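J.: Numbering (our numbering), first residue to last: 244 to 379. Every residue gets a Cβ at the ideal spot worked out from N, C-alpha and C, and that includes glycine. As the structure is a prediction and not an experimental result, all values here were calculated from the model. Below you'll find the structure I mean.
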């Protein structure tokens, strides 16, 4: 799998050269779009993802996988959500925000956005109100 995506048909391509977007850039677009959704605390990643990132010196956002086939992009995002949100509604909003942002910025077709809720975190300002057994 290549780490860069060639974008064709842009106004700036042609005689001046090719435009390529690295997978890390697409992952960053997806992360920023996901974090715009109220209730998303952060994007996640497993402990193993963190180790692989340190060993391979991978710079991209953890917890986001990008696959590109031709003009189609498939994304998988691991997110941490705020306690009390409707996970199904939040996941749908994340899918919409990410799809729109990636398509608008890259010109690629986003085929699917899979959202994996990796964790739930209590809001910082409400942590003191929660019973001890629910404190994070």
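Which residues in the same chain as residue 310 place their Cβ atom closer than 6 Å to its Cβ, once the five residues preceding and following it in sequence are excluded?
T.: For the purposes of this step, residue 310 is identified with residue 67 of the chain shown, where counting begins at 1. Excluding sequence neighbours, residue 310 sits near 317.
J.: Does the distance from the C-beta atom of residue 284 to that of residue 325 stay below 8 Å?
T.: Within the chain shown, residue 284 is the residue found at index 41, counting from 1. Within the chain shown, residue 325 is the residue found at index 82, counting from 1. Their beta carbons are under 8 Å apart, which means residue 284 touches residue 325 by this criterion.
J.: Can you give me the start and stop residues for the beta strand (DSSP E) that residue 283 sits inside?
T.: Locating residue 283 in the chain shown gives position 40, counting from the first residue. Residues 283-286.
J.: Buried or exposed: residue 396, going by 16 or more other Cβ atoms within 10 Å of its Cβ?
T.: Because the chain spans 244 through 379 in this model, residue 396 falls outside it and cannot be assessed.
J.: Output yes if chain C places a C-beta closer than 8 Å to the C-beta of residue 349; else output no.
T.: Considering every chain present, this structure includes no chain C. It has just one protein chain.
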